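First comes the structure, then the notes that go with it.
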Amino acid sequence: MPERKEGHKPDDYLHLEDMAMKTAAQFFGEEMLRYLGIHEKPLRVAPTEVVHLEARQMYEDFNYEMENGEWYHFEFESDGILAADLRRFREYEAATSRIFGVPVTTFVVCSAGVREPLSELKEGINTYRVRVVMLKKQDADIMFQMLSRKSAAEIRKQDLLPVLMSPLMSGEMPQKERILRGVGYLRENYIGVGEEDLNKMQAVLYALAVKFLNETELKEIKEAMVMTKLGQMLVDDGIEMGIEKGIEKGTERMRKLTKILLDKKRYEELEKAAGDSEYCEQLMERYKI
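Numbering follows this note's numbering, with no gaps: position 34 of the sequence shown is 35.
Here it is, written out as structure tokens:
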């Protein structure tokens, strides 16, 4: 996985992703598991936030409660599976199983660029295994070429599902370009494909972009999604959050200025600053607030 995703994300970044990720998880479970060759039926999306023994929070990918009584846990990897990854998956499975009292199986969904994925780890007398899912036999270049031959009136929902999985397929087209093309297709209106389904598909593409692209590439995807309903919701959330943070910062600066002026017994300056924003800003600059 790109280095960007290894660290802890700021709370506001997680907040912006939360809606898209939950929507993506729902649609992925409803529509995409069968596409990946997993025929067990999911009952519902299960929690992904697990409190570990060391009281640190572990944020993973998608979890589903299945009809067979198990939980299926999905990870996404673009640059191979290492022993360290398997230890992390094993740790997550153990914590989830202990807390919720359920058996957990991890599926690692790999991009076609992963050559020899590691699927088991032997340590001591134990062997830990994951199920690797790959779409190497499907070529994104060919898929997009075939789709381009159809008019919008001919495209149906089943034609769009491969677009969502294009970042996992083989082919020469870069992943960023695949996602950008997918966003382009999902801006259109199609017979039998409602707005709600299109929004969910956009969320799946956004989720894969977050998992597989670096910060610069992800910024391009966000810019391309601005004209979609999902993109506008993300933008609106960002604006609202920025306004809230601006208000908080302004309030804190005013509190500091008030304290300084009171300590210095500059009551006239404080009264003037309360009614004159330009003068207030001058005082803040003077006192380096």
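Every residue, glycine too, gets a C-beta built ideally from N, C-alpha and C.
Computed from a prediction, not measured in an experiment: that's the story for all the values here.
For residue 43 versus residue 81, is the C-beta spacing smaller than 8 Å?
-> To locate residue 43, count along the sequence shown from 1; it is residue 42. To locate residue 81, count along the sequence shown from 1; it is residue 80. No. Outside cutoff.
For residue 128, the residue or residues it bridges with in DSSP = Here residue 128 is taken as the residue at index 127 of the sequence shown, counted from 1. BP columns for residue 128 point to 123.
Rounded straight-line distance, which links the Cα of residue 75 to that of residue 40 | On the sequence shown, position 39 is the one that residue 40 refers to. On the sequence shown, position 74 is the one that residue 75 refers to. Looking at the two C-alpha atoms, the distance is approximately 15 Å.
Which value, in whole angstroms, describes the spacing of the CA atoms of residue 77 and residue 198?
-> For this step, residue 77 is matched to residue 76 along the sequence shown. For this step, residue 198 is matched to residue 197 along the sequence shown. Each residue's alpha carbon lies about 22 Å from the other.
How do the stretch 179-194 and the stretch 148-159 stand: do at least 3 beta-carbon pairs fall below 8 Å, yes or no?
-> yes
Check residue 286 in the structure and name its three-state DSSP category.
-> Your numbering for residue 286 matches position 285 in the sequence shown. Of the three classes helix, strand and coil, the one that applies to residue 286 here is helix, per DSSP.
Counted within 10 angstroms of its Cβ, other Cβ atoms place residue 283 as buried (16 or more) or exposed | Locating residue 283 in the sequence shown gives position 282, where the first residue counts as 1. Result: exposed.
Assess, as a yes-or-no matter, whether the stretch 110-126 is touched by the stretch 135-144 under the definition of 3 or more beta carbon pairs within less than 8 Å.
-> yes
Between residue 286 and residue 122, what straight-line distance do the alpha-carbon atoms span, to the nearest angstrom?
-> Counting from one through the sequence shown, the residue named residue 286 turns up at place 285. Counting from one through the sequence shown, the residue named residue 122 turns up at place 121. The alpha-carbon atoms of residue 286 and residue 122 are separated by roughly 59 Å.
Is residue 254 closer than 8 Å to residue 222 when the C-beta atoms are compared?
-> Here residue 222 is taken as the residue at index 221 of the sequence shown, counted from 1. Here residue 254 is taken as the residue at index 253 of the sequence shown, counted from 1. Going by C-beta atoms, residue 222 is not nearer than 8 Å to residue 254.
Under the three-state reduction of DSSP, which class applies to residue 43: helix, strand or coil?
-> Locating residue 43 in the sequence shown gives position 42, counting from the first residue. Strand at residue 43.
Kindly indicate which residue of 165, 28, 200, 145 has the alpha-carbon position closest to the one of residue 1.
-> Within the shown structure, residues of the chain are numbered from 2 to 290, placing residue 1 beyond reach of any answer.
Report yes or no: is there a C-beta of chain D within less than 8 Å of the C-beta of residue 115?
-> No chain D is present in this structure, which holds just one protein chain.
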